[in-house]
Amino acid sequence: MWQGVFPAVSTKFKSDDSLDFGEMARCYRLQMEAGVDGLIACGSLGEGPMLSHDERLDVLRTCQEAAAGKPALLTVAEASTRQACLLAERAARAGADGIMVVPSTIYHSNPKETVATLRAIAAAADLPVMIYSNRVAYRVDVTVEMLEELADDARFVAVKESSDDIRRSTDIINRLGTRYDLFTGVDNLAFEALAVGAVGWVAGLVLAFPKETVAIYQLMRAGRNAEALAIYRWFRPLLDLDVSTYLVQNIKLAEALAVGSNERVRAPRMPLEGAVRERAERVIRAAIETRPVLPDLQ
Numbered sequence: 012m013w014q015g016v017f018p019a020v021s022t023k024f025k026s027d028d029s030l031d032f033g034e035m036a037r038c039y040r041l042q043m044e045a046g047v048d049g050l051i052a053c054g055s056l057g058e059g060p061m062l063s064h065d066e067r068l069d070v071l072r073t074c075q076e077a078a079a080g081k082p083a084l085l086t087v088a089e090a091s092t093r094q095a096c097l098l099a100e101r102a103a104r105a106g107a108d109g110i111m112v113v114p115s116t117i118y119h120s121n122p123k124e125t126v127a128t129l130r131a132i133a134a135a136a137d138l139p140v141m142i143y144s145n146r147v148a149y150r151v152d153v154t155v156e157m158l159e160e161l162a163d164d165a166r167f168v169a170v171k172e173s174s175d176d177i178r179r180s181t182d183i184i185n186r187l188g189t190r191y192d193l194f195t196g197v198d199n200l201a202f203e204a205l206a207v208g209a210v211g212w213v214a215g216l217v218l219a220f221p222k223e224t225v226a227i228y229q230l231m232r233a234g235r236n237a238e239a240l241a242i243y244r245w246f247r248p249l250l251d252l253d254v255s256t257y258l259v260q261n262i263k264l265a266e267a268l269a270v271g272s273n274e275r276v277r278a279p280r281m282p283l284e285g286a287v288r289e290r291a292e293r294v295i296r297a298a299i300e301t302r303p304v305l306p307d308l309q
């Protein structure tokens, strides 16, 4: 159902901490102009847990306008199943093309609880669902066995695989074939995941470097792996910024330097400073200075 590059877009704020819809629209249009295939609002990178439900739906609407008919998904990541279902219902009423679901963000649910939560949220939305499996960040692992159990519900159409174990991608395909659209959710494993069969990439550094991200994906799909690998090797130091406690600040700094956006984040986060900022800025500026010439993708 879904494939391609789906940016996990960042949420933009004004100096008074209100949502900056104009800047979001500008940045999201840059993604669409580069050829991305859909947008995902209010995930980890989009600071979803720091936003009210109303704010999240407002960000979704901005994504829908920018996506111009391509899929616009809302992330559902709540501490309680009840709140997750309420947000999922509202996403459906707002016309979301689907939802990406984090099973449990505070309580580390067991497999039975995780499956029950995913089923409840899918039923509440009655929309296509991308399951977000990230045992590293959220300590809830949606295993291959659990995906097999959930396969009887056609609303579960995709999985964002973020276990940080590239073998998991092959395990999913070996067990379930093409039952799920397999997306990689780890920027610095994207080439590897696409090489073993992933059909999509939920990307972060794409926000600052959209054309390079799209080029890697399209080259891989065309079997031009060596050309994709050359770009990926240049990209890797940047992509490592996505795998960090400070991924939001890192990527917003990259957006500020590469596309002229800003670094504003919602508290308790604060913009990077000191040695951490200096290191990230060195990586970003070096990448900008050595940006590769992209091949013809026609």
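Here this note's numbering runs 11 ahead of the position in the sequence shown, where the first position is 1.
Note that beta-carbon positions come from the ideal geometry of N, C-alpha and C, so glycine has one too.
Check                                                                                                    : Outcome
Which listed residue (Ala133, Ile184, Cys74) has its alpha carbon closest to that of Asp48               : Cys74
Option in Ala148, Arg40, Pro122, Ala131 with minimal Cα separation from Thr256                           : Ala148
Within 7 Å, strictly: CB atoms of Pro282 and Gln260                                                      : yes
Rounded straight-line distance, which links the Cα of Pro221 to that of Val197                           : 16 Å
Nearest-angstrom Cβ-Cβ length linking Leu252 and Ala265, presumed shorter than 8 Å                       : 7 Å
Cβ contact (3+ pairs, closer than 8 Å) linking the segment 79 to 94 and the segment 103 to 120           : yes
CA-to-CA distance, Val294 to Ala286, given in whole angstroms                                            : 12 Å
7 Å Cβ cutoff met for Thr224 and Ala239                                                                  : no
Cross-strand partners of Gly211 (DSSP beta bridge)                                                       : Gly15, Phe194
Per-residue DSSP class, three states only, for Leu56                                                     : coil
Among Ala169, Phe246, Ser174, nearest to Val210 - alpha-carbon criterion                                 : Ala169
Entirely enclosed beta strand (DSSP E) segments - the segment 48 to 119, minimum 3 residues              : 50 to 52, 83 to 88, 109 to 113
Same chain, Cβ closer than 8 Å to Ala102, five either side skipped, listed in chain order                : Leu68, Leu71, Leu85, Val87, Ile110, Ala136, Leu138
Which residues DSSP lists as bridging Ala169, in chain order                                             : Met141, Asp192
Buried versus exposed call for Gly54 [16 or more other C-beta atoms within 10 Å across all chains shown] : buried
For Ile349, the first and last residue of its enclosing alpha helix (DSSP H)                             : Only positions 12 to 309 of the chain appear in the structure, and residue 349 is not among them; the question remains open.
Alpha helix (DSSP H) segment containing Arg186, residue limits                                           : 178 to 187
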